[in-house]
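Mapped onto the UniProt record's numbering, the consecutive letters of the sequence shown carry residue numbers 1 to 488. Glycine residues also receive a C-beta, built at the ideal position from the N, C-alpha and C atoms. Below is one structure, written out as structure tokens; the observations come after it.
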Amino acid sequence: MSVDLEYPLNYFTGDMRPSRLAFVLLLGKLAVSQQIYDVWQTTWDRSKLFKNVSPSKSIDFSDSTSASSSVNIRVDEANEAQEIVGFGASLSDSSALTLKKLKESNSDRYWELLHRAFDPTYGANSAGLSYIRVPLGATDFSSSVYSLDDTAGDTSFSHFDINRAPSYVFSTLDDIRSINKYLKVHLVPWSPPGWMKDSGSMNGGSLKSEMVKYYSTYFLKAVQGFKNKGIPIYAVTIQNEPLNDNPSYPTCTMTPSVEAKIGKSLRTQLNDNGFSSVKIIGFELYSFHCYAGSVSDQEQFHKAFPSKDIYFTECSGTIGSDWWSDMKWYMDNLWIGALEHRAKSGLMWNLALDGRGNPKLPGTNSCPDGCRALVSVSGGSYTLNQEFISMAHVSKATIPRDPGGPSAKMIGVSVSGSTKWALRTAAFKTKRASSKDWPMYSLVVLNWHDNDNGDWNPTPVTASIQFRGKQVTYTFPVGITTLWWYAE
1 MSVDLEYPLN YFTGDMRPSR LAFVLLLGKL AVSQQIYDVW QTTWDRSKLF
51 KNVSPSKSID FSDSTSASSS VNIRVDEANE AQEIVGFGAS LSDSSALTLK
101 KLKESNSDRY WELLHRAFDP TYGANSAGLS YIRVPLGATD FSSSVYSLDD
151 TAGDTSFSHF DINRAPSYVF STLDDIRSIN KYLKVHLVPW SPPGWMKDSG
201 SMNGGSLKSE MVKYYSTYFL KAVQGFKNKG IPIYAVTIQN EPLNDNPSYP
251 TCTMTPSVEA KIGKSLRTQL NDNGFSSVKI IGFELYSFHC YAGSVSDQEQ
301 FHKAFPSKDI YFTECSGTIG SDWWSDMKWY MDNLWIGALE HRAKSGLMWN
351 LALDGRGNPK LPGTNSCPDG CRALVSVSGG SYTLNQEFIS MAHVSKATIP
401 RDPGGPSAKM IGVSVSGSTK WALRTAAFKT KRASSKDWPM YSLVVLNWHD
451 NDNGDWNPTP VTASIQFRGK QVTYTFPVGI TTLWWYAE
């Protein structure tokens, strides 16, 4: 015997404390089926751009597990992998300046953008980005070359000044944190102060051997400086791209052994000064950025050092590239691929720039074709680029369901069937703050079936989603789909 009633909205939160329920009477017990109720989509033709397309009626899982489609997606929660700590970008000086100008010219659009990007509220029209990388000192996206202590020979760093960084970096961080107080802030220098290097400049060169023993204090001062401004630090990287020696902007080559010496000293200093929770991320080389090598290189690192966490921390779009080709590449290599190969995070380079990839450091030859940011700002408004849209789908699937609650973990997923090649998938499980509430299961699907033997032919794919002996059928348009359900 069953009595079906209209489902109220709070039923679909998975909290199991509704004012009304659909009661299914079975052997005297209450049974509630798993249901897909929240769906976000982006389509190849941009008719939908990270848009909530949740169905008006619930999409119920059934007891049948026989293949009902040409493609079958099997979600395996027993195969649990790494925790996902967040997605985001770098708040370079140029990004912060760009956002400052937007705030001054159109405050409403500025706050709209920050909410669209960073609001972690469940159900919000937001990507829920939660990870920001902040350069220590100048980069190729600064107005001038500077460090946080440019006093030559100051090995005690008594002249260290956190306020040498532009004030709009801190004010923008404060605005973002006013929306998402759980934001993770990751510090990374493009170069040590020039007086510590054999080049005598922040542009190119290497850290002098006699300076290695002093450099960790620079990082401690930075962590303390951010704390004094009310900004807790999640992680520190010793050196951005330590194989890069471009002399047209701040860079520094650094060997793993030198980084190890600095890291060991820094770990002691952080622990002794109340910062034991701050992570140190070493040798941030190209295999953890997207500019060379393959994302599968992360797997080689994992095999060599299985106890070490992996972070994917930088990639940049190129102005003028094809939108749909980019979307497919980002999903395949970064937002699904990097996570498949153990990454706990996914970040792009600049958070915001103008439509030409400016402003840049005067005289730099960096980004000759124009680096596209997550967001382009122009004329008192903004555009969410393909980097943002693609990232948003996975960020949305992995943010904690409860404010400050458990983060998502990647779980197993496999695709079978005659057209399995058409779908690229990732699956996640997010536990709840209360054991009484059901975990959330998320699925991100890229349908890249856009041609037949070279002829353009975008083709929706109907697939069965199998989970815990039940299944549901869903038709995925060519594009990206994020959906989720709850299960006890």
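Note down, in chain order, each residue of its chain lying with its Cβ closer than 6 angstroms to the Cβ of residue i, except the 5 sequence neighbours on either side.
i      : result
His186 : Arg133, Tyr234, Ala235
Asp149 : Phe157, His159, Phe160, Pro193
Ala397 : Phe428, Ser442, Val444, Thr482
Arg177 : Leu183
Thr383 : Ser376
Among residues of its own chain, excluding the 5 on either side of residue i, which ones have a beta-carbon nearer than 7 angstroms to its beta-carbon?
i      : result
Thr172 : Leu91, Ala96, Leu99, Lys100
Asp354 : Thr98, Ser376, Val377, Ser378
Tyr311 : Ile281, Phe288, Ala343, Lys344, Ser345
Thr13  : The pLDDT assigned to Thr13 is 36, lower than 50, so where the model puts this residue is not dependable; a value taken from the coordinates is nonetheless given after this. Within the same chain, Thr13 has no close Cβ partners at all.
Lys420 : Val71
Pro250 : Gly137, Ala138, Thr139, Val145, Trp190, Ser191, Met202, Asn203
Which residue wins for smallest C-alpha separation from residue i, given the options the options?
i      : options                        : result
Phe467 : Ser144, Leu443, Pro368         : Leu443
Ser105 : Lys308, Ser381, Ala338         : Ser381
Leu102 : Tyr168, Gly123, Tyr122         : Tyr168
Thr42  : Gln35, Val53, Ile36, Gln34     : Val53
Asn246 : Gly200, Asn365, Ser276         : Asn365
Gln224 : Pro256, Gly205, Ser206, Asn271 : Asn271
Gly123 : Asp38, Asn451, Ala81           : Asp38
Gln386 : Ala433, Glu340, Met331         : Met331
Ser144 : Asn203, Met196, Gly153         : Asn203
Cys315 : Ala152, Val295, Pro120         : Val295
Thr121 : Ser434, Asn447, Ile480, Asp402 : Asp402
Asn447 : Trp195, Thr425, Pro135         : Thr425
Ile231 : Asp108, Ile162, Ala152, Asn125 : Ile162
Ile399 : Asp369, Cys367, Ile262, Ala433 : Ala433
Ala78  : Tyr214, Thr255, Lys409, Asp60  : Lys409
Thr253 : Tyr214, Thr268, Ser201         : Ser201
Glu340 : Gln82, Ile36, Lys48            : Gln82
Excluding the 5 residues preceding and the 5 following residue i in the sequence, name in chain order all residues of the same chain whose CB lies nearer than 8 angstroms to its CB.
i      : result
Gly28  : With a pLDDT of 31 at Gly28, under the threshold of 50, the predicted position of this residue should be treated as unreliable, though the coordinate-derived value follows. Result list for Gly28: empty, nothing under 8 angstroms.
Ala127 : Phe50, Phe87, Arg116, Ala117, Phe118, Phe388, Met391, Ala392, Ser395, Lys396
Arg46  : Trp323
Glu488 : Trp438
For the beta strand (DSSP E) containing residue i, name the first residue and the last one.
i      : result
Lys227 : Here Lys227 belongs to no beta strand (DSSP E); instead the alpha helix (DSSP H) covers 212-228.
Phe157 : Per DSSP, Phe157 belongs to no beta strand (DSSP E) and is neither H nor E.
Val258 : Segment 256-272 is the alpha helix (DSSP H) holding Val258; no beta strand (DSSP E) there.
Asp38  : 38-43
Go ahead and label residue i buried or exposed: buried means 16 or more other beta carbons lie within 10 angstroms of its beta carbon, across all protein chains shown.
i      : result
Leu243 : exposed
Ser287 : Reliability of the predicted coordinates at Ser287 is poor, the pLDDT of 44 falling under 50, and no value is obtained from them.
Lys181 : exposed
Trp456 : exposed
Lys57  : exposed
Gly363 : exposed
Lys229 : exposed
Phe275 : buried
Asp452 : exposed
Ser94  : buried
Ala31  : Residue placement at Ala31 is poorly supported in this model, since its pLDDT is 40, which falls under 50; the coordinates are not used for a value here.
Glu80  : exposed
Lys264 : exposed
Gln34  : buried
Gln300 : exposed
Ala292 : exposed
Phe305 : exposed
Asn273 : exposed
Identify the continuous alpha helix (DSSP H) that holds residue i and give its terminal residues.
i           : result
His302      : 297-304
Leu384      : Premise fails: Leu384 lies in the beta strand (DSSP E), 381-384, not in any alpha helix (DSSP H).
Arg424      : No alpha helix (DSSP H) contains Arg424, which is instead part of the beta strand (DSSP E) from 423-430.
residue 505 : This structure gives no information on residue 505, because the portion of the chain shown stretches from 1 to 488.
Asp175      : 167-179
Trp323      : 323-329
Check whether the Cβ atoms of residue i and residue j lie closer than 8 angstroms to each other.
i           : j      : result
Ser130      : Phe170 : no
Leu266      : Ser216 : yes
Ala422      : Asn72  : no
Leu361      : Phe141 : yes
Ala138      : Trp190 : yes
Gly317      : Arg372 : yes
Glu284      : Val188 : yes
residue 504 : Ser307 : Limits of the chain in this structure are 1 at one end and 488 at the other, which puts residue 504 out of reach.
Leu334      : Leu351 : no
Ser62       : Gln471 : yes
Gly412      : Asp76  : yes
Trp329      : Ala89  : no
Leu113      : Ile179 : no
Trp44       : Gly479 : yes
Pro458      : Asp450 : yes
Hey, is residue i's beta-carbon within less than 8 angstroms of any beta-carbon in chain C?
i      : result
Arg468 : You won't find chain C in this structure, because it holds only one protein chain.
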